[in-house]
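*Asks:* Could you have a look at this structure, given as structure tokens, before my questions?
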Amino acid sequence: MPQMNLIQAINSALDVAMTRDRTVVVLGQDVGYFGGVFRATEGLQRKFGEHRVLDTPIAEGGIIGAAIGMGVNGLRPVAEIQFADYVYPAYDQIVSELARLRYRSAGDFFAPVTIRTPCGGGIRGGQTHSQSPEAVFVHVCGLKVVMPSNPYDAKGLLIAAIEDDDPVIFLEPKRLYNGPFEGNSEQPAVPWSTHPQGEVPAGHYTVPLGQARVVKSGSALTVISYGTMVHVATAAARQLGLDAEVIDLCTLSPLDTATLVASVKKTGRCVVVHEATRFGGFGGELAATLQEACFWHLEAPIIRVGGWDTPYPHAFEWEYFPGQARVAAAMRQVMEEAP
Amino acid sequence: MPQMNLIQAINSALDVAMTRDRTVVVLGQDVGYFGGVFRATEGLQRKFGEHRVLDTPIAEGGIIGAAIGMGVNGLRPVAEIQFADYVYPAYDQIVSELARLRYRSAGDFFAPVTIRTPCGGGIRGGQTHSQSPEAVFVHVCGLKVVMPSNPYDAKGLLIAAIEDDDPVIFLEPKRLYNGPFEGNSEQPAVPWSTHPQGEVPAGHYTVPLGQARVVKSGSALTVISYGTMVHVATAAARQLGLDAEVIDLCTLSPLDTATLVASVKKTGRCVVVHEATRFGGFGGELAATLQEACFWHLEAPIIRVGGWDTPYPHAFEWEYFPGQARVAAAMRQVMEEAP
Amino acid sequence: MLSPSRLHIPRAPARPGEAPDFSYLQLSAAGAVPRPEITVNASEVTGLATQLVRVLDNTHQAVGAWHPHLDPAELQIGLRHMLLTRLFDERMQKTQRQGRISFYVKCTGEEAVSVAAAMALEPHDMLFPAYRNQGLQMVRGQPLVALMNQLLSNTGDMCKGRQLPVMYHSSAARLFSISGNLATQFPQAVGWAMAAAIKGEEHIAASWIGEGSSAAADFHHALLFASTYRAPVILNVVNNQWAISTFQGCAAGDSPSFAARGPGYGIPGLRVDGNDFLAVYAVTRWAAERARKGHGATLIELVTYRASAHSTSDDPARYRPRDEAERWPLGDPIERLKAHLCVLGEWSEPRHTALLEELEAQVTVAWKEACIFGTLSEGPRLDPALMFDDVYQHLPPHLAEQREQLRAARAAQGKG
Amino acid sequence: MLSPSRLHIPRAPARPGEAPDFSYLQLSAAGAVPRPEITVNASEVTGLATQLVRVLDNTHQAVGAWHPHLDPAELQIGLRHMLLTRLFDERMQKTQRQGRISFYVKCTGEEAVSVAAAMALEPHDMLFPAYRNQGLQMVRGQPLVALMNQLLSNTGDMCKGRQLPVMYHSSAARLFSISGNLATQFPQAVGWAMAAAIKGEEHIAASWIGEGSSAAADFHHALLFASTYRAPVILNVVNNQWAISTFQGCAAGDSPSFAARGPGYGIPGLRVDGNDFLAVYAVTRWAAERARKGHGATLIELVTYRASAHSTSDDPARYRPRDEAERWPLGDPIERLKAHLCVLGEWSEPRHTALLEELEAQVTVAWKEACIFGTLSEGPRLDPALMFDDVYQHLPPHLAEQREQLRAARAAQGKG
Ligand SMILES: Cc1ncc(C[n+]2csc(CCOP(=O)(O)OP(=O)(O)O)c2C)c(N)n1
Ligand SMILES: Cc1ncc(C[n+]2csc(CCOP(=O)(O)OP(=O)(O)O)c2C)c(N)n1
Ligand SMILES: [Mg+2]
Ligand SMILES: [Mg+2]
């Protein structure tokens, strides 16, 4: 099976989707001739032509507004926002229009738009190239929100997102583009080619939206995470020698609550981990839901680990990032907690 | 003491702030000559002149962008967004600029902008005049987020917000503009003049930001809420004859966690109520924080009540709205819950 | 702040208690404005952005290069659509006053803007309306009962009770779903047109926003994307002089006109008498041909006047002179087309009266039929559980659960 | 989709492997463009949006109505600032290549855009720069060490380690904090200028964005608000032909120029040779006087060329011909001013060499001093606990708690 890094997997997903379905079009800043600043769309314009891979002006609101119109007219647009930090100028078109079109027209209109955007820190991007804004999308009903943690899932989820008739916010943890990352920037980088999830089928397949994946089953505690933090959390559990059940959400909304509840009922302990700032973050939804559903099974409070409630500072990237130490501390706490 | 409804209290706060401080300016759509579609700025332009009460073009992003510049240049702008549903075109300027300016310049620059906007449903406004978007602001560090539940607090909090050097999102539950509302649209409307919190001092006072208020102390369970839902929750508890401790957050961010934790530790039971859609809503943060801080005191899971996870539908406003019945059901549940 | 303010404040020419003043309006004589080839470059026709295309002169004759030479039968159809629009508006306003619907928006005085434009377009062209374009619905043959059902949020409501009144839609009639968020449809129309071009189709898109809404970012995005990709789209700005209480000068600033925003993007901007059915028709037709033949977008400013309140929630007497509407210099679009038809010998007072009666009866019949589907207070009601549909294509588990909760709660209350 | 696409796709005139082609550029001869009164209306000077204001002719003489008649000493200062900007850029680029700083952005070839403009403004005027305007920092006397400390995120960093390199600020020098989000500063500058007018002050604001950034909604908001309130502001669009890999034609579409967007808003749009120090100075001065005297805003398009990569993360050879920079028809701003001074007899090769040496030494000394405050890999480091400051004016409880957690965790690891 071919080895792909996460960028190549995204590229392959776009290639496969565009080959199978002539209505799939790609648009965004620098995605055409250049192939994208992260090379996710490399070669697509050459292969599918300038009319299906469009370089756009730097106007995120215009990109999504136009993509909605294209979607209404029978195309399946995949829009790239160059960094998740720059999605906010499009927030109105996404929230007020894209998410609500099917609802407000009682199903008469819809726009199957997929919005891809690199998110997360760990590349010295400072406060405007590091954000993880999933929380401001999961709260918007009508949107689906996806974040893969590896090349295999990335390709399968992206194809599923493109083929889905609902709008999907597809967040790509850019720190994982080249290899898995366990949270230690001083360790030598590992490429995806050394990782089983770097094995990616060349052709068409989907990873269904709306399903969480048990990365590793275990009985001591449940660790719920997504994106980069899946690797950090797995490593932290390994480091502590804990038999953790690690769950990768894959799709954040709609949420696969059943899988989470089953796991927490089994283990009785739970840590939720994300890279975004914690206050008002998606971890709140997860912890709130699980304490309600699993209250009588819980042996310790559910603990959330997230980025500090500050912008992502350039110089203190690794003190900001919720690395193995912080995740491990939380795991230790839920294991030890007693009245 | 004068009787004021919530609109008059807002108007009085603006009047007092503008009288005391010549740098306070008001801007927004229809706020000038007309006095605002809800009349919140009535009479201000006549009193303070066209140069301090500005009618603006219909460009929310431009309003906040300009307000930031004004704030940087020594003014204290109070911007009105006509409905909270229309704040999204300004989301980028709010999140990327207003919230981060002090941080990114290490305190060298800041913009003391207050953004007032009517939120919430209950006035047959349909999906674009009913939203409660607090969750997409509380997650943004650097912003303060406030929602009053009565005229007295509204005036005191708004003056505090204007005088604060941090940016404040000031959400006004429009269903409360004319009177308290306990969630039953079929009951005759009650004006604020019949309510003690409709007594509002004419002059200057502040209600400090960052402090929750115990509306009614009690021992059976803690009910945490804000805005319109404070009244609904209080009525639901009364209806059930429960000795509930009802807490009005007043400021959602930064959150007065200490008051909440103390109460939940005391009562051991908690219901969180808001009008916004539940999934990914602010209730998640509250429940997650409290189950962590009060785990060993909890005798039942914390239950959240919110709007359904759909847009606010015009015809089913009262089925959508989390009224007394739904809140009461949740209270009953936390009181009865057993393993 | 010791010095007096130096800020410029745009002022409405007249407020309540003052005499209406339309001297700011630049008018051209009927027939005075040249009609360029559709292949023209924006920079060659910048004059069209400040002149005013008019066809009907003071004697109600059609004159000049923009005269569209329509068949009288066509004009009669236009008159019928405009009259129906007006009668419908009046009746619906009344039903709102009676508490039968929650909200309404009239387009009185602006009927030609929508009716003439829709008639100048092809059935397959896609329309992206604002909330004040009911004439588009009429021309595209939307049944009055269907519109009324939407206004009533009743069991026949095309929106399943989800939208405020007037937020119609019909994919079959190629009428896009109306949004409560101003101007968002403008870049969407451009995207739709881009898709039509990508698919190699000849269909074009057209969209309408108010002059106040032209301040929105979406206006800029629409012009920019239309320019970059030469999208086959017509972008209409309906300048009815008011945005709720705010005078058009607030959104215009020092702009020579709203049409004048076009040439800066390389898009021709045309200013047209929005109360002149023939002029609106002709200009729309020109822009449609231009778009269809691959020459790109056109920005059209339709100069008209919002003769009624902003909506049923508004009282214009608070912010503009009471008699301003009467003093509007471009007259009434229905009266003007009627007079033209009379001059042509193709219309008469008796025919007009008969038509009015016919249309009123039509509205009355439709209203009765609609009420059978329920009103705000009476008759059948949609199942509230419908509120969970169409959030997504397929109902996800959490919404299924919430729907169950609602059903159970209603059952417990003896409802549903 | 059986038919071929009819969409128009804007194309760069040349891509790698093709011959550079600047035939699309409309140039005017030096001295050819008239200089209007500052009281002029936008509509009277639409021609200025497509012509090109130039002062320096082919023989390096200053000619025409826009000749600002600056003192040679002033010109020498301008040359010094531009040279310092370039040397600084080159040295900082090298330090990035050596891994001493994480990121850098050069403005090579665009030095006049910032230096001449800043010199034409008053010290109390407020500047809202983009990330490629380091010349503004030089003219406003920002110490090199302070700039370097920011680049290094070291213990002397004005941003306390929070911002990417080049995101400088100084309230004392009236240089606004640079944002990573494109164009957001444009409407902020307008708001600042509105406040100055409200306070009755004579200070004006100026802001700069790239031509690619003019696509952002903020561009529209800025022009609109500037027009509505006649804000005393100068809005500069630096057209350096490229936005990363995207050619200027993508944001321009069919627009005659970026300056041409102005007149549609009633704002004069001037197109100026951005590599002609004197022309940039003269046009900025004109716009500043206009703003200061209450005649409102000006939109200036500065036609220049981004001679280097977009940033240290970019390789332009992937998307444009390698020799494109050399073929840029408007030359190099430093060379041109130098030649002009030489022609005036106010400069010479030996003086130039001496100045270069002096400035290089200055940069070297500053770098050594900055390194004492720490680099990415060596020397002292800011206390990470600083990251919790300035989120709010006063530290709220939850951040105090998080700061404690960080301190405790670091102490446990034997750090901090
Ligand atoms: C984004 C947004 N901001 C504000 C509003 C509130 N609003 C509704 S209609 C209106 C005035 C619109 O005026 P105009 O565009 O001129 O259209 P007209 O009503 O005159 O047809 C305003 C401010 C809104 N619906 N959407
Ligand atoms: C809102 C936003 N969108 C996208 C980006 C990513 N980005 C950074 S620089 C750039 C190109 C800007 O080009 P231009 O405005 O021409 O300025 P130049 O770099 O040429 O000086 C882009 C797309 C961003 N920083 N902000
Ligand atoms: Mg209007
Ligand atoms: Mg550029």
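Chains as they are written, first to last, in my numbering: chain A, 1 to 339; chain B, 1 to 339; chain C, 1 to 416; chain D, 1 to 416.
Glycine is no exception: its CB is placed at the ideal position from the N, C-alpha and C atoms.
Taking 7 Å as the cut-off, does the CB of Tyr265 (chain C) come closer than this to any heavy atom belonging to ligand 2?
*Replies:* No.
*Asks:* Output, in sequence order along the chain, the residues in the stretch 312-330 of chain A whose CB is closer than 8 Å to any CB in chain D.
*Replies:* So the list reads Pro313, His314, Ala315, Phe316, Glu319, Tyr320, Ala325, Arg326 and Ala329, given in the order they occur along the chain.
*Asks:* At a cut-off of 7 Å, would you count Ala243 (chain D) as near ligand 4, judging by its Cβ distance to the nearest heavy atom?
*Replies:* Yes, ligand 4 has a heavy atom inside 7 Å of this Cβ.
*Asks:* Expressed to the nearest angstrom, what Euclidean distance is found between the alpha-carbon atoms of His221 (chain D) and Ala231 (chain D)?
*Replies:* Taking the straight line from one Cα to the other gives about 12 Å.
*Asks:* Examine chain A for any beta-carbon lying closer than 8 Å to the beta-carbon of Arg162 (chain C), and answer yes or no.
*Replies:* Chain A, which has a Cβ nearer than 8 Å to the Cβ of Arg162 (chain C), makes this yes.
*Asks:* What residues from the stretch 288-314 of chain A come within 8 Å of chain F, judged by C-beta to C-beta, listed N to C?
*Replies:* Reference to chain F is not applicable here, since the protein chains of this structure are A, B, C and D.
*Asks:* Which stretch, first to last residue, makes up the alpha helix (DSSP H) that contains Ile267 (chain D)?
*Replies:* No alpha helix (DSSP H) holds Ile267 (chain D); DSSP gives it neither H nor E.
*Asks:* At 3 residues or longer, and completely inside the stretch 224-299 of chain A: list those beta strand (DSSP E) runs for me, N to C.
*Replies:* Complete beta strand (DSSP E) runs here, min 3: 244-248, 251-253 and 270-277.
*Asks:* Answer with yes or no whether the minimum CB distance from Asn239 (chain D) to chain B is below 8 Å.
*Replies:* No, Asn239 (chain D) does not count as interfacial toward chain B.
*Asks:* Are the stretch 82-94 of chain A and the stretch 131-142 of chain A touching by the rule of at least three beta carbon pairs closer than 8 Å?
*Replies:* Touching, yes, given that three or more Cβ pairs across the two stretches are closer than 8 Å.
*Asks:* Once you ignore the five residues that flank Gln45 (chain A) on each side, which residues in its own chain have a CB closer than 7 Å to its CB?
*Replies:* So the qualifying residues of the chain are Gly32, Tyr33 and Val53.
*Asks:* Buried or exposed: where does Glu358 (chain D) fall if 16 or more other Cβ atoms within 10 Å of its Cβ makes it buried?
*Replies:* It counts as exposed.
*Asks:* Could you say which of D:Thr298, D:Arg322 and D:Ile300 lies nearest to Ser308 (chain D) if we only look at CA atoms?
*Replies:* Of the candidates D:Thr298, D:Arg322 and D:Ile300, the one whose C-alpha sits nearest the C-alpha of Ser308 (chain D) is D:Arg322.
*Asks:* Just verifying my parser: in three-state terms, what is the DSSP assignment at Met158 (chain D)?
*Replies:* Met158 (chain D) falls in the coil class under three-state DSSP.
*Asks:* What does Ser96 (chain B) reach in chain D if we use C-beta pairs closer than 9 Å?
*Replies:* Within 9 Å Cβ-Cβ: Ser179, Gly180, Asn181 and Thr184.
*Asks:* Sort A:Arg39, A:Pro89 and A:Gly280 by Cα distance to Gly61 (chain B) and report the nearest one.
*Replies:* Of the candidates A:Arg39, A:Pro89 and A:Gly280, the one whose C-alpha sits nearest the C-alpha of Gly61 (chain B) is A:Pro89.
*Asks:* From the beta carbon of Ile101 (chain C), is the nearest beta carbon of chain B less than 8 Å away?
*Replies:* By this cut-off, Ile101 (chain C) is not an interface position.
*Asks:* Should Val138 (chain A) be flagged as near chain B, meaning a C-beta pair shorter than 8 Å?
*Replies:* Closer than 8 Å to some Cβ of chain B, the Cβ of Val138 (chain A) qualifies, so yes.
*Asks:* For Thr228 (chain D), would you say it is in contact with chain C, using Cβ-to-Cβ distances shorter than 8 Å as the test?
*Replies:* Judged by the 8 Å Cβ criterion, Thr228 (chain D) is in contact with chain C.
*Asks:* Given this structure, state the Cα-to-Cα distance separating Gly264 (chain C) from Ser3 (chain C), to the nearest angstrom.
*Replies:* Computed Cα separation, rounded: 37 Å.
*Asks:* In chain C, which residues lie less than 9 Å from Leu48 (chain D) when you measure between Cβ atoms?
*Replies:* Within 9 Å Cβ-Cβ: nothing; Leu48 (chain D) doesn't reach chain C, min ~13 Å.
*Asks:* Tell me the DSSP secondary structure of Phe88 (chain C) in three-state form.
*Replies:* It is helical.
*Asks:* Could you give the first and the last residue of the continuous beta strand (DSSP E) run that contains Leu356 (chain C)?
*Replies:* No beta strand (DSSP E) contains Leu356 (chain C), which is instead part of the alpha helix (DSSP H) from Glu349 to Ile372.
*Asks:* Between which two residues does the beta strand (DSSP E) containing Pro77 (chain B) stretch?
*Replies:* Its beta strand (DSSP E) spans residues Arg76 to Glu80.
*Asks:* Against chain C, does Gln127 (chain B) count as a neighbour if the rule is that its beta carbon must be under 8 Å from one of theirs?
*Replies:* Gln127 (chain B) counts as touching chain C.
*Asks:* Do Trp208 (chain C) and Thr69 (chain A) count as a contact pair if the criterion is CB distance below 8 Å?
*Replies:* It is Gly, not Thr, that sits at residue 69 (chain A) in the sequence shown. Contact: no.
*Asks:* For Asp218 (chain D), return the contacting residues in chain B, with the cut-off set at a CB-CB distance below 9 Å.
*Replies:* Under the 9 Å cutoff, chain B gives Gly61, Gly62, Gly65, Asp92 and Gln93.
*Asks:* Helix, strand or coil, according to DSSP, for Met126 (chain C) in the structure here?
*Replies:* Looking at Met126 (chain C) - three-state DSSP - the assignment turns out to be strand.
*Asks:* Is there a C-beta anywhere in chain D that falls below 8 Å from the one on Val271 (chain A)?
*Replies:* With 8 Å as the cut-off, Val271 (chain A) does not count as an interface residue toward chain D.
*Asks:* Could you tell me which of D:Gln393, D:Leu399, D:Cys107 and D:Pro256 sits nearest to Ile334 (chain D), measuring between CA atoms?
*Replies:* Minimum Cα distance to Ile334 (chain D) is reached at D:Cys107.
*Asks:* For ligand 1, is there a heavy atom less than 7 Å away from the beta-carbon of Val145 (chain C)?
*Replies:* Result no, Cβ not under 7 Å from ligand 1.
*Asks:* Whether or not the stretch 57-76 of chain D and the stretch 311-329 of chain D are in contact is what I'm after, with contact meaning three or more pairs of Cβ atoms, one per stretch, closer than 8 Å; do they touch?
*Replies:* Touching, no, given that fewer than three Cβ pairs across the two stretches are closer than 8 Å.
*Asks:* Quick one: is Leu224 (chain D) near chain B, going by C-beta distance under 8 Å?
*Replies:* Closer than 8 Å to some Cβ of chain B, the Cβ of Leu224 (chain D) qualifies, so yes.
*Asks:* Counting beta carbon pairs with one atom in the stretch 267-278 of chain C and one in the stretch 266-282 of chain D, are three or more of them shorter than 8 Å?
*Replies:* No contact exists between the stretch 266-282 of chain D and the stretch 267-278 of chain C.
*Asks:* Applying the 10 Å Cβ sphere with the 16-neighbour rule, what's the burial state of Glu80 (chain A)?
*Replies:* By the 10 Å Cβ count, Glu80 (chain A) comes out buried.
*Asks:* Using only CA atoms, which one of A:Leu143, A:Arg76 and A:Asp30 lies nearest to Arg100 (chain A)?
*Replies:* Cα-wise, what sits closest to Arg100 (chain A) is A:Leu143.
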